[in-house]
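S.K.: Under the numbering used here, think of the first position of the sequence shown as -1, with each following residue one higher.
We put the CB at the ideal spot given by N, CA and C, even for glycine.
A quick note: this is a predicted structure, and the numbers were derived from the prediction, not measured.
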Amino acid sequence: MGERGNALRAAARRRGVTVVGQETGIIAGVIVALVLCAIVAAGVLAVARERGTRVHEQGWRPGPLRNASIEYAEKTFFTARPVRLVARVDRAYRTQDAVLVLTELKRRRQPRVYLSDVVELSAQKVAIERSMKRRVADAGYVVVERPGTDQRTPIGVKLLSEGQVTALARRYFDLIVGMAAPRKADVLGLCNSCPYAERCKPRVLQRSRPDEPFSR
Ligand code: SF4
-1 MGERGNALRA
9 AARRRGVTVV
19 GQETGIIAGV
29 IVALVLCAIV
39 AAGVLAVARE
49 RGTRVHEQGW
59 RPGPLRNASI
69 EYAEKTFFTA
79 RPVRLVARVD
89 RAYRTQDAVL
99 VLTELKRRRQ
109 PRVYLSDVVE
119 LSAQKVAIER
129 SMKRRVADAG
139 YVVVERPGTD
149 QRTPIGVKLL
159 SEGQVTALAR
169 RYFDLIVGMA
179 APRKADVLGL
189 CNSCPYAERC
199 KPRVLQRSRP
209 DEPFSR
């Protein structure tokens, strides 16, 4: 750094002392400052992202869940009684009176609930109550998220009782092992898009498609 720096270095060399260059010190200082800036920026971004996620997460919540905290997220529960059940919980919220409220996120174009959603949430309730000895509310929410958007619509549903879940599970096992014969759903919405409709010939399609070959 100029004549003064060179003179100092020469004097130091004469005395057998090694001097670290002033330029090197400045460069090191700049690097340290840059690293510190990067660390601070990363911290600020992380806080902003976390705050944004929290706002998004809470924005759709219905009244009973506004002040609830997340107790379980994407967690699997198992119980062997009254029937063997494995259920994966999307979210379980703990309300202020220590009751768990279940929610299940679904991506759909329309804010709709199907019976299968209710069965899914009901099985989760039985699995948590049996395995964790926790109290789960009789009602839960199906949260429908419109694809490609952040728009979420929570739809409250009443859950099935443990007896109803057990009966469904037993019938399912009986069907799987051939101990029971399946009944036709005969539901227009299901049968219309069912690949087995030709073989099954449900009444509901025979009425709505009188000219189709299987109705004859
Ligand atoms: S067409 Fe038959 S198998 Fe398919 S959903 Fe309807 S009743 Fe069930």
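Using 8 Å for Cβ pairs, my map puts residue 141 next to residue 103. What's the rounded Cβ distance?
M.R.: Here residue 141 refers to the residue found at position 143 of the sequence shown. Here residue 103 refers to the residue found at position 105 of the sequence shown. Contact holds; Cβ gap of about 5 Å.
S.K.: Once the 5 residues before and after residue 202 are set aside, which same chain residues still bring their CB inside 7 Å of it?
M.R.: Residue mapping note: residue 202 aligns to position 204 of the sequence shown, counting from 1. The residues are 184, 185, 186 and 189.
S.K.: Under a Cβ-count criterion, where at least 16 other Cβ atoms within 10 Å of its own Cβ denotes burial, should residue 215 be classed as buried or exposed?
M.R.: Since the first residue shown for the chain is -1 and the last is 214, residue 215 is missing from the structure and cannot be characterised.
S.K.: Would residue 122 and residue 85 be called neighbours here (beta carbons separated by less than 7 Å)?
M.R.: Taking the sequence shown and counting its residues from 1, one reaches residue 122 at position 124. Taking the sequence shown and counting its residues from 1, one reaches residue 85 at position 87. For residue 122 and residue 85, yes; Cβs fall inside 7 Å.
S.K.: Between residue 213 and residue 65, what straight-line distance do the alpha-carbon atoms span, to the nearest angstrom?
M.R.: Numbered from 1 along the sequence shown, position 215 holds the residue referred to as residue 213. Numbered from 1 along the sequence shown, position 67 holds the residue referred to as residue 65. At residue 213, the pLDDT of 45 sits below 50, so the modelled position is not reliable; the number obtained from the coordinates is stated separately. Approximately 55 Å, taken between the alpha carbons.
S.K.: Identify whether residue 148 lies in helix, strand or coil by the three-state DSSP scheme.
M.R.: If you number the sequence shown from 1, residue 148 lands on position 150. Reduced to three states, the DSSP call for residue 148 is coil.
S.K.: Report whether the distance from the Cβ of residue 194 to the nearest heavy atom of the ligand SF4 is below 6 Å.
M.R.: Counting from 1 along the sequence shown, the entry for residue 194 is found at position 196. Flag set: Cβ of residue 194 near the ligand SF4.
S.K.: Where does residue 197 land, buried or exposed, given buried means 16+ other C-beta within 10 angstroms?
M.R.: Taking the first residue of the sequence shown as 1, we reach residue 197 at position 199. By the neighbour-count rule (16 or more Cβ atoms within 10 Å), residue 197 is not buried but exposed.
S.K.: Looking at the strands, I want to know which residues DSSP matches up with residue 164.
M.R.: What you label residue 164 is simply residue 166 of the sequence shown in a count that begins at 1. Answer is none; residue 164 lacks a bridge partner.
S.K.: Use the C-beta contact count for residue 34: other C-beta atoms within 10 angstroms, 16 or more gives buried, fewer gives exposed.
M.R.: Locating residue 34 in the sequence shown gives position 36, where the first residue counts as 1. Residue 34 comes out exposed.
S.K.: Should residue 98 go down as buried or exposed, given a rule of 16 or more other Cβ atoms within 10 Å for buried?
M.R.: In the sequence shown, the residue the question calls residue 98 occupies position 100. Buried: at least 16 other Cβ atoms inside 10 Å.
S.K.: With a threshold of 8 Å, are at least 3 pairs of Cβ atoms found where one atom belongs to the segment 149 to 162 and the other to the segment 115 to 135?
M.R.: With the cut-off at 8 Å, the segment 149 to 162 and the segment 115 to 135 touch.
S.K.: So if DSSP puts residue 105 in a beta bridge, which residue, or which two residues, is it bridged to?
M.R.: Numbered from its first residue, the sequence shown carries residue 105 at position 107. For residue 105, which the question treats as bridged, DSSP gives the partners 143.
S.K.: Using a Cβ-based criterion (distance less than 6 Å to any ligand heavy atom), does residue 183 qualify as near the ligand SF4?
M.R.: As a working mapping, residue 183 is identified with position 185 in the sequence shown. Answer for residue 183: yes, Cβ within range of the ligand SF4.
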